[in-house]
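Heads up: the sequence shown is residues 783 to 871, going by my numbering.
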Amino acid sequence: MAIEKLIQQNDWRKIESSGGIVSDHINGYKKQIQNLHQEYERYEKLFLDNPVKFNHDSLYFTEKKADGSYIIAVLNIDERRLYTMEVFY
């Protein structure tokens with residue numbers, strides 16, 4: 783039930799053939815983290831140990847604010863996992 787409630791609460795888009803776009807968002811986030819943090823190796827290991835897994839049935843959304851803050855969320859329905867990547871200013 784919780785996953786159904788989560789799906790209904792946000793402006794999710796089905797990945798379908800947008801996997802490249804989602805990968806671009808994730809890679810852009812990784813680069814931003816590299817630029818913001820001197821301890822990037824720690825974050826890089828985190829991504830290697832916990833990759834964002836998705837397929838064509840997964841859902842995603844992005845939101846960017848005027849101050850540059852943004853969020854990328856990927857919901858892998860099959861694995862019942864929610865990945866969130868956020869940058870706040």
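All C-beta atoms in this analysis are idealised placements derived from N, C-alpha and C, irrespective of residue type, glycine included.
Computed from a predicted structure; not experimentally measured.
*Start-to-end residues for the beta strand (DSSP E) that takes in E845*: Looking up residue 845 in the sequence shown gives position 63. Looking at the DSSP string, the run of the beta strand (DSSP E) that includes E845 is L841 to K846.
*Measure the C-alpha to C-alpha separation of T866 and Q816 and round it to an integer number of angstroms.*
Reading the sequence shown from its first residue, position 84 is the one you call residue 866. Reading the sequence shown from its first residue, position 34 is the one you call residue 816. In a straight line, the C-alpha of T866 is about 17 angstroms away from that of Q816.
*Relative to the alpha-carbon of D839, which residue among Y852, L828, E823 and D860 has its alpha-carbon at the smallest distance?*
The residue labelled residue 839 in the question sits at position 57 within the sequence shown. For D839, the nearest C-alpha among the options comes from D860.
*asked:* Given a cut-off of 8 angstroms on the beta-carbon distance, is the pair K854 and Y811 in contact?
replied: Here the question's residue 854 lines up with position 72 in the sequence shown. Here the question's residue 811 lines up with position 29 in the sequence shown. At residue 854 the sequence reads Ile, which differs from the Lys that was named. Going by C-beta atoms, I854 is nearer than 8 angstroms to Y811.
*asked:* Which residue wins for smallest C-alpha separation from G850, given the options E798, L788, V834 and L818?
replied: Here residue 850 refers to the residue found at position 68 of the sequence shown. It is L818 whose Cα lies nearest to the Cα of G850.
*What whole-angstrom Cβ distance do K787 and L841 have, given they're in contact under 8 angstroms?*
Taking the sequence shown and counting its residues from 1, one reaches residue 787 at position 5. Taking the sequence shown and counting its residues from 1, one reaches residue 841 at position 59. With a Cβ gap of about 13 angstroms, K787 and L841 do not count as contacting.
*asked:* Out of A848, R862 and N858, which one is the CA nearest neighbour of Y871?
replied: For this step, residue 871 is matched to residue 89 along the sequence shown. That would be A848, whose Cα lies nearest to the Cα of Y871.
*asked:* Going by DSSP in three states, Y852 sits in which element: helix, strand or coil?
replied: One-based indexing of the sequence shown puts residue 852 at position 70. Y852 falls in the strand class under three-state DSSP.
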